[in-house]
Amino acid sequence: ETGVTQSPTHLIKTRGQQVTLRCSSQSGHNTVSWYQQALGQGPQFIFQYYREEENGRGNFPPRFSGLQFPNYSSELNVNALELDDSALYLCASSPAGEEQYFGPGTRLTVT
Amino acid sequence: AQTVTQSQPEMSVQEAETVTLSCTYDTSESDYYLFWYKQPPSRQMILVIRQEAYKQQNATENRFSVNFQKAAKSFSLKISDSQLGDAAMYFCAYRINYGGSQGNLIFGKGTKLSVKP
């Protein structure tokens, strides 16, 4: 167990809707990263937060946004959902300078 | 741009035998880390082994070892005495070493490993 939890486990949304995915990290993990893993692919980096500030972003449009909270939890928000947003969303957290621990992911299906 | 390539979509090994998974990467950086992650059907990404680019010695973790060839930009994973529980997707990943800051992982497309009893 990595101590990183994600909710919900599965989610089904309709195209055009908005979704919020949540991640809870261990105490002291002040860096959190979010990844999108399409079926049959490796994870793709969405963005990273360090001490509640965005600290890097991958090639994802602005409708993907995030927040990190002082209690080591974080959110990934996706607006105007598209069919191609269907994927497994992984969060990974770490103490500064150490390796990333992954959560079990949220499976999002957009219909 | 940094890229990671895994040329074997699927591999199969007999229980107790040895298997090697291949990975190549492209980067102009000199200070970076390389990783192998395991993702079983439970979807949890688990770190198997890590290699610092500045270390010439190949990393080893129990039955798992790597062959790191920096000049060739090659990073293969050897699994010895394969067990049924080793069956999973294996991802090779790369991360630039920014010092205190984390940086993001860049993953390959993965290799699906099957273990036959």
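Quick note, the sequences are listed as chains Z and R, same order. FYI, in this note's numbering the residues of the first sequence are 235 to 345. FYI, in this note's numbering the residues of the second sequence are -1 to 115. Don't be surprised by glycine CBs; every beta carbon is placed ideally from N, CA and C.
Tell me the DSSP bridge mates of Q67(R)?
To locate residue 67(R), count along the second sequence from 1; it is residue 69. According to DSSP, which records beta bridges pairwise, Q67(R) is partnered with S72(R).
Does DSSP classify L310(Z) as helix, strand or coil?
Counted from its first residue, the first sequence places residue 310(Z) at position 76. Looking at L310(Z) - three-state DSSP - the assignment turns out to be strand.
Nearest to L342(Z) by CA position, among S259(Z), S307(Z) and P242(Z), is which residue?
Stepping through the first sequence from its first residue, residue 342(Z) is reached at position 108. Out of S259(Z), S307(Z) and P242(Z), P242(Z) has the C-alpha closest to the C-alpha of L342(Z).
So what's G292(Z) in DSSP terms, helix, strand or just coil?
Within the first sequence, numbered from 1, the residue matching residue 292(Z) stands at position 58. Three-state DSSP puts G292(Z) in coil, outside helix and strand.
For G290(Z), which residues in chain R fall below 9 Å Cβ to Cβ?
The residue given as residue 290(Z) occupies position 56 in the first sequence. S99, Q100, G101 and N102, listed in chain order.
What is the rounded straight-line gap between the Cα of E316(Z) and the Cα of R297(Z)?
By one-based count along the first sequence, residue 316(Z) stands at place 82. By one-based count along the first sequence, residue 297(Z) stands at place 63. Rounded to the nearest angstrom, the two C-alpha atoms are 11 Å apart.
Considering only the alpha carbon of each residue, which of H244(Z), G250(Z), A272(Z) and S259(Z) lies closest to C325(Z)?
Mapped onto the first sequence, residue 325(Z) falls at position 91. Of the listed residues, the one whose Cα sits closest to C325(Z) is S259(Z).
Consider the Cβ of M43(R): report whether some Cβ of chain Z lies at a distance smaller than 7 Å.
In the second sequence, residue 43(R) corresponds to position 45, counting from 1. Answer yes: the Cβ-Cβ gap between M43(R) and chain Z drops below 7 Å somewhere.
List, in order along the chain, the chain Z residues whose C-beta lies closer than 9 Å to that of F89(R)?
Here residue 89(R) refers to the residue found at position 91 when the second sequence is read from its first residue. Those within 9 Å of F89(R) in chain Z are G276 and P277.
Please list the residues of the region 40 to 71 of chain R that have a C-beta atom closer than 8 Å to any C-beta atom in chain Z, keeping them in chain order.
Residues S40, R41, Q42, M43, I44, L45 and R48.
Quick one: list the residues of chain Z neighbouring K107(R), beta-carbon separation under 9 Å, in chain order.
In the second sequence, residue 107(R) corresponds to position 109, counting from 1. Those are G274, Q275 and G276, listed as they occur along chain Z.
Tell me whether Q251(Z), by its Cβ, gets closer than 6 Å to a heavy atom of the ligand ZN.
The ligand ZN is absent from the structure shown, which contains no ligand whatsoever.
Is there at least one Cβ from chain R nearer than 7 Å to F294(Z)'s Cβ?
By 1-based counting over the first sequence, the position of residue 294(Z) is 60. F294(Z) does not count as touching chain R.
Classify A321(Z): buried if its beta carbon has 16 or more other beta carbons within 10 angstroms, exposed otherwise.
Start at 1 with the first residue of the first sequence, and residue 321(Z) comes out as number 87. Buried.
So the candidates are A272(Z), D318(Z) and G337(Z); which of them puts its Cα closest to the Cα of S308(Z)?
Position 74 of the first sequence, counted from the first residue, corresponds to residue 308(Z). Per the Cα distances, G337(Z).
Closest by CA to Q278(Z), which one among G292(Z), R256(Z), V266(Z) and E288(Z)?
Walking along the first sequence from the start, residue 278(Z) turns up at place 44. It is G292(Z) whose Cα lies nearest to the Cα of Q278(Z).
Around the Cβ of K36(R), are there at least 16 other Cβ atoms within 10 angstroms (buried) or fewer (exposed)?
Indexing the second sequence from 1 puts residue 36(R) at position 38. So K36(R) ends up on the buried side.
Return the residue from the list V238(Z), G237(Z) and T254(Z) that minimises the CA-CA distance to A314(Z).
For the purposes of this step, residue 314(Z) is taken as residue 80 along the first sequence, with counting starting at 1. It is T254(Z).
Could you tell me if N311(Z) is buried or exposed, where buried requires 16 or more neighbouring beta carbons within 10 angstroms of its beta carbon?
Residue mapping note: residue 311(Z) aligns to position 77 of the first sequence, counting from 1. Its Cβ having fewer than 16 others within 10 Å, N311(Z) is exposed.
Give every residue of the same chain whose Cβ lies closer than 7 Å to the Cβ of T239(Z), excluding the five residues on either side of it in the sequence, and list them in chain order.
Residue 239(Z) sits at position 5 when you count from the first residue of the first sequence. Cβ within range, chain order: S258 and G337.
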